[in-house]
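Scroll down for the structure; my scribbles are underneath it.
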Amino acid sequence: MDRETGVCFRIIENQMFVFFEFIFEIVFRRWIVRFLGIRTRFYFLKLFGQKVNLQDLAGARDDPASQLIQDFCNAAVGMVSLIALFLLIAKIFDRLLA
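In numbering that gives the first Met the number 0, the protein residues as written are 0 to 97.
Laid out in structure tokens, this is it:
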């Protein structure tokens with residue numbers, strides 16, 4: 000393999016890495032973390048008697064600042080929920096296999 004072919008393969012490999020990183024980012028952050036975040040906040044607030052709906056927790060459609068703040072809160076709560084879920088699953092498997 001000559002030098003130009005090696006460089007070409009490295010460029011293609013780097014582009015594929017960026018593509019899969021982008022896909023992982025969309026799947027992980029948008030669908031899993033924010034889905035968990037908005038649902039966790041919804042059920043937590045319902046547990047304490049707050050009158051909210053999922054649209055309120057997603058932010059006002061006409062206010063970008065509200066959407067940004069709610070999206071950040073949903074992502075933070077979703078990340079904590081996902082970590083807690085993984086720790087719970089690990090603890091259950093540890094108890095079962097011990």
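The beta carbon of each residue, even a glycine, is placed where N, CA and C say it ideally should be.
Item	Value
Test item: CB-CB of I31 and L56 under 8 Å	no
Beta-carbon gap between G58 and I68 smaller than 8 Å	yes
Unbroken alpha helix (DSSP H) run spanning I25, endpoints	Premise fails: I25 is in no alpha helix (DSSP H) and is neither H nor E.
Pairwise C-alpha distance: R28 and C72	13 Å
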